[in-house]
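Per my numbering, residue 4 is the first one in the sequence shown, and the count goes up by one each step.
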Amino acid sequence: MAAASVSGAAASEASARPLRGFHGAHQAGIEEAPLPRTTVVSFDVIARNRAELTDLMRTITDRARVLTAGGVPDGAGISGPPTDSGMLGPEVPGGNLLVTVGVGASLFDGRFGLAARRPDRLTAMPTFPNDALDPAWCHGDLSLQLSARDEDTVLHALRDIARHTRGAAQIRWRMDGFVSPPRPSGTPRNLLGFRDGTANPAPADLGKLVWTPDGGSFLVVRLIRMLVEFWDRIGISEQEQLIGRARDSGAPLDGDREFDEPKFAADPIGKVIPLTSHIRLANPRTPQTAGNRILRRGFNYDRGVDAAGDLDLGLIFTCYQRDIPSQFEAVQHRLKDEPLVDYIRPFGGGYFLVLPGVRDAKDYLGRALLS
């Protein structure tokens with residue numbers, strides 16, 4: 004009993020520990036392990052000129068700095084509205100929020116004089132084979148991801164940023180997500196019941212696979228509905244053949260543990276792990292495809308039911324890389340017509356350039372781009 008009490012206290016202490024400071028070479032929310040609650044938001048910028056766009060980016064930076072630090076909100080005037088929604092009480096807890104901001108290709112049109120500064124690798128997300136994209140759920144001038152341990156912390160931050168940027172940006176689309184705790188251990192599971200993100204690159208590889216030279220990254224967001232009514236009617240063996248892993252343990256079908264390396268070379272005809280399995284197509288484990296690897300971050304979503312009474316569940320797939328065409332798109336082309344497409348339906352998302360981190364109190368997101 005005493006040992007259990009000590010363990011519980013240690014877990015409580017760990018959950019209360021601050022995540023990281025706001026300032027740094029890279030933005031938060033990329034290298035860190037996904038937190039239980041998140042929202043991914045796309046904005047259309049309605050600022051009238053470059054000066055107003057610069058003010059918008061300064062405002063987002065200032066609010067992110069305040070929200071991640073926490074503290075007592077500024078007092079309101081005698082007759083003015085309160086400066087804070089009050090959702091988190093009289094004092095905003097610090098150290099429990101990650102904020103990640105990106106810019107889409109559409110920001111580099113003729114409105115703000117930025118066309119010549121658009122990175123060649125930043126384009127609008129195309130429609131891939133097997134997609135069913137809804138324009139209302141695609142693209143955007145800005146991306147914002149807010150992640151925290153608690154749902155009210157995420158919503159509080161979103162309300163704050165939306166309030167302070169009103170008149171300069173408006174929400175285009177938003178999707179809330181969550182990460183399940185490891186059950187019973189290992190990588191968290193998606194709503195198909197399989198672990199999601201097992202084969203992510205090691206931290207030592209992020210410099211060559213994720214970060215751009217200035218400290219930014221390229222973000223792909225894919226909103227993927229899972230057709231769970233159909234998925235739940237097929238046998239466990241078929242599910243495992245489609246994925247290439249054992250559902251319970253997460254191990255590749257030729258291994259025993261989640262992080263065992265699949266032995267594709269020893270199974271050239273796919274007798275154990277089918278050639279059309281998701282893990283084999285996504286990451287063939289060859290020298291030629293090693294540079295295609297991405298840092299994958301997945302969040303489950305639940306939007307209730309659709310008009311037909313079917314469960315509206317799925318995945319907010321996000322991934323980070325240095326080069327979208329040679330990484331995410333290379334993987335996506337290998338996945339064309341994989342058997343799993345009968346059970347998933349990508350309907351939204353976009354490509355974004357995640358800006359470099361904010362170095363100090365005088366810096367702001369997008370400073371190098373806008374100055």
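The beta-carbon is built from N, C-alpha and C at its ideal position, and this holds for glycine as well.
M60 (DSSP reduced to helix, strand or coil): Taking the first residue of the sequence shown as position 1, residue 60 is located at position 57. Assignment of M60 by DSSP, reduced to helix, strand and coil, places it in the helix class.
Beta-carbon proximity of L284 to R198, cut-off 7 Å: Position 281 of the sequence shown, counted from the start, is the residue given in the question as residue 284. Position 195 of the sequence shown, counted from the start, is the residue given in the question as residue 198. Pairing L284 with R198 gives a Cβ-Cβ distance that is not under 7 Å.
Nearest neighbour of G92, chosen from P271, T190 and H159 [CA to CA]: Position 89 of the sequence shown, counted from the first residue, corresponds to residue 92. For the residues P271, T190 and H159, the minimum Cα distance to G92 belongs to H159.
Length of the line joining the Cα atoms of F25 and R68: Taking the first residue of the sequence shown as 1, we reach residue 25 at position 22. Taking the first residue of the sequence shown as 1, we reach residue 68 at position 65. Approximately 6 Å, taken between the alpha carbons.
Local Cβ density within 10 Å of R186, reported as buried at 16 or more and exposed below that: As a working note, residue 186 is residue 183 in the sequence shown. Exposed is the call here.
Beta-carbon proximity list for H167, same chain, < 6 Å, skipping 5 on both sides: In the sequence shown, residue 167 corresponds to position 164, counting from 1. T62 and R66.
DSSP three-state assignment for L117, whether helix, strand or coil: The count along the sequence shown starts at 1 and reaches residue 117 at position 114. If DSSP states are grouped into helix, strand and coil, L117 belongs with coil.
Unbroken alpha helix (DSSP H) run spanning G210, endpoints: On the sequence shown, residue 210 is found 207 positions in, with the first residue counted as 1. That run of the alpha helix (DSSP H) goes L209 to L212.
Q148 versus P277 - alpha carbon distance: To locate residue 148, count along the sequence shown from 1; it is residue 145. To locate residue 277, count along the sequence shown from 1; it is residue 274. For Q148 and P277, the gap between their C-alpha atoms comes out near 36 Å.
Buried or exposed by the 16-neighbour rule on C-beta atoms within 10 Å, applied to P271: Counting from 1 along the sequence shown, the entry for residue 271 is found at position 268. Exposed, because fewer than 16 other Cβ atoms sit within 10 Å of the Cβ of P271.
Among A118, R236, N295 and F302, the one whose alpha carbon lies nearest that of T190: Translated into positions along the sequence shown, residue 190 becomes position 187. Ranking the options by Cα distance to T190, first place goes to F302.
Distance CB(D326)-CB(R124) smaller than 7 Å: Position 323 of the sequence shown holds residue 326. Position 121 of the sequence shown holds residue 124. Going by C-beta atoms, D326 is nearer than 7 Å to R124.
Candidates I237, A50 and R225: closest to R177 by CA position: Counting from one through the sequence shown, the residue named residue 177 turns up at place 174. Measuring C-alpha to C-alpha distances from R177 to each of I237, A50 and R225 identifies R225 as the nearest.
Residue environment, I297, which counts as buried when at least 16 other CB atoms sit within 10 Å: Residue mapping note: residue 297 aligns to position 294 of the sequence shown, counting from 1. Under this definition I297 is a buried residue.
Chain-order list of residues whose beta-carbon lies under 8 Å from that of R1 (same chain, five-residue window excluded): Outside the displayed range of the chain (4 to 374) lies residue 1, so it cannot be described from this structure.
Beta-bridge pairing of P349 - partner residues as DSSP gives them: Here residue 349 refers to the residue found at position 346 when the sequence shown is read from its first residue. Note: P349 is bridge-paired with I227 in the DSSP secondary-structure output.
Terminal residues of the alpha helix (DSSP H) in which S240 lies: Here residue 240 refers to the residue found at position 237 when the sequence shown is read from its first residue. Its alpha helix (DSSP H) spans residues I239 to I246.
Proximity of I239 and P349 at Cβ, strictly below 7 Å: Taking the sequence shown and counting its residues from 1, one reaches residue 239 at position 236. Taking the sequence shown and counting its residues from 1, one reaches residue 349 at position 346. Contact: no.
Residues near M229 by beta carbon distance below 7 Å, same chain, minus five either side: Taking the first residue of the sequence shown as 1, we reach residue 229 at position 226. Once the five neighbours on either side are set aside, the close Cβ partners of M229 are L194, L195, L316, G317, L318, Y346 and I347.
Backbone secondary structure at G89 - three-state DSSP: Here residue 89 is taken as the residue at index 86 of the sequence shown, counted from 1. Three-state result, G89: coil.
Sequence ranges, alpha helix (DSSP H) only - wholly within the segment 251–316, length at least 4: If we require 4 residues or more, the alpha helix (DSSP H) runs fully inside the segment 251–316 come out as 281–285.
Cα-Cα separation between H281 and P359, rounded to whole angstroms: Working through the sequence shown from its first residue, we reach residue 281 at position 278. Working through the sequence shown from its first residue, we reach residue 359 at position 356. Taking the straight line from one Cα to the other gives about 32 Å.
Close beta carbons around D263, own chain, < 7 Å, minus the five adjacent residues each side: If you number the sequence shown from 1, residue 263 lands on position 260. Around D263: A254 and P255.
Status (buried if at least 16 other CB within 10 Å, exposed otherwise) for F111: If you number the sequence shown from 1, residue 111 lands on position 108. Flag for F111 reads buried.
Where A371 falls, given that 16 or more other Cβ within 10 Å makes a residue buried: The residue you call residue 371 lines up with position 368 of the sequence shown. Exposed, by the Cβ-count rule.
Segment limits, beta strand (DSSP E) that includes I49: Residue mapping note: residue 49 aligns to position 46 of the sequence shown, counting from 1. The continuous stretches of beta strand (DSSP E) do not include I49, and DSSP gives it neither H nor E.
7 Å Cβ shell around T201 - same chain, five flanking residues per side excluded: Position 198 of the sequence shown holds residue 201. Taken in chain order, the residues that qualify are T190, G253, E261 and F262.
Three-pair Cβ contact test at 8 Å for the segment 351–367 versus the segment 83–91: No: fewer than three Cβ pairs fall under 8 Å.
When F320, R248 and F331 are compared against F181, the one with the closest alpha-carbon: Walking along the sequence shown from the start, residue 181 turns up at place 178. Comparing Cα positions, the closest option is F320.
Assigned exposure category for A5 - 16 Cβ within 10 Å defines buried: Taking the sequence shown and counting its residues from 1, the one referred to as residue 5 is at position 2. Any reading at A5 must be qualified, since the residue scores a pLDDT of 40, below 50, and its modelled position is unreliable; no value is offered.
Residue range of the alpha helix (DSSP H) that includes D155: Looking up residue 155 in the sequence shown gives position 152. First-last of the alpha helix (DSSP H) with D155: E154 to H167.
Cβ neighbours of E55 in the same chain (closer than 8 Å, five flanking residues each side left out): Numbered from 1 along the sequence shown, position 52 holds the residue referred to as residue 55. Counting only Cβ-Cβ distances below 8 Å, and skipping sequence neighbours, we find A171.
For P132, the nearest candidate out of V361, P342 and G273 (CA to CA): Start at 1 with the first residue of the sequence shown, and residue 132 comes out as number 129. Cα-wise, what sits closest to P132 is P342.
Run of the beta strand (DSSP E) containing V104, from where it starts to where it stops: Here residue 104 is taken as the residue at index 101 of the sequence shown, counted from 1. Residues L100 to V106.
Terminal residues of the beta strand (DSSP E) in which R325 lies: Walking along the sequence shown from the start, residue 325 turns up at place 322. R325 -> no beta strand (DSSP E), and no H or E assigned at all.
Buried or exposed (CB count within 10 angstroms, at least 16 for buried), Q173: Working through the sequence shown from its first residue, we reach residue 173 at position 170. It is exposed - the Cβ of Q173 has fewer than 16 other Cβ atoms within 10 Å.
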